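Visitor: Here my numbering = 1-based position in the sequence shown + 12. We treat Cβ as the ideally placed atom computed from N, Cα and C, and that holds for glycine. Here the structure is a predicted model, which means the values were calculated and not measured.
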Amino acid sequence: MAQSNRPGAVRKNKKGPVVGSGGQRRKALKGRGPTPKAEDRVYHKAYKAKQAAARKQQTSHNRPTRAGKGPIKEDLVTGRNSVLEALRSNVPAKTLFVATKIEVDDRVKDILQMCAERNVPTLEASRSELDRLTSDAVHQGVALQVPPYDYRDADEHAAAVIRRYDPKDPESKAPLFVALDGITDPRNLGAIIRSVSAFSGDGVILPERRSAAVTATAWKTSAGAAARVPVSKATNLTRTLENCKKAGYFVVGLDGGGDVQLPELNLATEPLIVVVGSEGKGLSRLVTEHCDAIVSIPIDSTMESLNASMAVGITLYEVSRRRASA
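Below, the structure written as structure tokens:
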């Protein structure tokens with residue numbers, strides 16, 4: 013077949029288009045377009061970070077909430093020793109997370125055995141997932157999820173306890189509560205709960221703000237007493253103290269400069285709320301104004317003050333002794 017020598021003519025070839033004809037036919041080459049963003053490339057670390065952020069946001073949206081309280085916080089105990097101690101202290105456990113291909117030692121064996129005996133669900137998780145769950149804490153391949161504590165309402169609980177009290181009945185026990193004013197260390201809270209349990213107290217009252225909470229640390233320090241002693245929260249501590257006084261309670265504050273020494277506390281046999289402040293700041297001004305008595309514990313002059321939990325333990329012992337002798 014003769015080829016045309018006209019200018020601009022395209023040379024035909026049985027094998028298809030020749031070089032340079034890509035843009036002239038129906039199957040013209042298409043450009044790849046602009047380079048996608050780093051966060052849209054599946055192989056890029058920015059893409060993985062974007063996906064992780066999306067999962068985290070979705071988890072926070074799906075987490076159950078209480079009315080007006082925001083998301084329920086799940087407390088995590090991390091590290092082999094800490095998890096083992098928490099289980100031995102009967103801390104309530106919701107889920108045990110174990111790293112895949114974990115190096116099993118005696119501690120891990122004990123943890124797995126105790127969780128199996130208590131029917132605690134055990135889930136395997138990758139190291140990266142455990143890092144995310146624990147906010148990059150040192151977990152050693154294990155993390156124990158503790159459910160949020162179910163607090164009572166302070167006003168309702170105190171009112172219910174005193175309604176059951178009959179001062180004419182010698183078998184009826186006078187109500188006894190401990191209220192915390194500005195104590196933020198959960199170990200102090202756990203120790204106080206333990207003392208309240210030891211001396212047959214009716215509960216512990218925490219303010220809604222600026223206070224320690226019943227976390228895994230408090231559970232461990234209480235040595236299981238947190239399962240027996242109700243802990244309640246007061247939206248406004250001073251208002252709760254006012255309501256309790258109207259209901260028949262006497263409020264006693266602990267302070268090193270108190271005007272009444274503990275052995276001379278005549279209110280010990282009455283329905284009582286003992287208020288303890290932080291070791292540094294002590295009782296707040298408003299709480300002090302609502303106290304019927306400010307009590308001090310006689311100690312050696314070389315010792316400036318006592319730890320809050322220790323002061324509560326000594327006070328509850330003296331109250332218990334006075335009530336028994338009465």
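Would you decide whether ASN74 is buried or exposed? Buried here means 16 or more other CB atoms lie within 10 Å of its CB.
Guide: Since pLDDT at ASN74 reaches only 38, below the 50 mark, its modelled position is unreliable, and no value is offered.
Visitor: Who are the near neighbours of THR196 in its chain, counting only those whose CB is closer than 8 Å to its CB and skipping five residues on each side?
Guide: The answer, listed in chain order, is ARG222, SER223, ALA224 and SER290.
Visitor: Roughly how many whole angstroms lie between the Cα atoms of ASN319 and LEU145?
Guide: Cα-Cα distance, rounded: 34 Å.
Visitor: Note down the Cα distance separating GLY265 from GLU97, rounded to an integer number of angstroms.
Guide: Near 34 Å, if we compare the C-alpha coordinates of GLU97 and GLY265.
Visitor: Which stretch, first to last residue, makes up the alpha helix (DSSP H) that contains SER212?
Guide: Where SER212 is concerned, there is no enclosing alpha helix (DSSP H), given that its DSSP letter is neither H nor E.
Visitor: Identify the residues that DSSP records as bridge partners of ILE285: which are they?
Guide: Partner(s): PHE189 and VAL263.
Visitor: DSSP three-state call for SER207: helix, strand or coil?
Guide: The answer is helix: DSSP assigns SER207 an H, G or I state.
Visitor: Assign ARG297 to one of three DSSP states: helix, strand, or coil.
Guide: Helix.
Visitor: For ALA323 versus VAL288, is the C-beta spacing smaller than 8 Å?
Guide: Yes, they are a contact pair.
Visitor: How many whole angstroms separate the CB atoms of VAL307 and LEU274, which I take to be in contact at a CB cut-off of 8 Å?
Guide: Yes, they are in contact, since the Cβ atoms of VAL307 and LEU274 sit about 5 Å apart, within 8 Å.
Visitor: Hey, out of SER94, SER184 and ALA171, whose CA is closest to ASN255's CA?
Guide: Of the candidates SER94, SER184 and ALA171, the one whose C-alpha sits nearest the C-alpha of ASN255 is ALA171.
Visitor: In the DSSP assignment, the beta strand (DSSP E) including ASP87 goes from what residue to what residue?
Guide: 87 to 90 is the span of the beta strand (DSSP E), which, as asked, contains ASP87.
Visitor: Indicate whether the contact test is met: 3 or more Cβ pairs, each with one atom in the segment 176 to 194 and one in the segment 132 to 146, closer than 8 Å.
Guide: No: fewer than three Cβ pairs fall under 8 Å.
Visitor: Short check: CB of ALA235 to CB of VAL89, under 8 Å?
Guide: Their beta carbons are not under 8 Å apart, which means ALA235 does not touch VAL89 by this criterion.
Visitor: May I ask you to list the residues that DSSP assigns as paired with ALA246?
Guide: Partner(s): PRO219.
Visitor: To the nearest angstrom, how far is it from the Cα of THR77 to the Cα of TYR161?
Guide: In this prediction, THR77 has a pLDDT of 32, which is less than 50 and means its spatial position is unreliable; what the coordinates show is noted afterwards. Going from the Cα of THR77 to the Cα of TYR161 covers about 13 Å.
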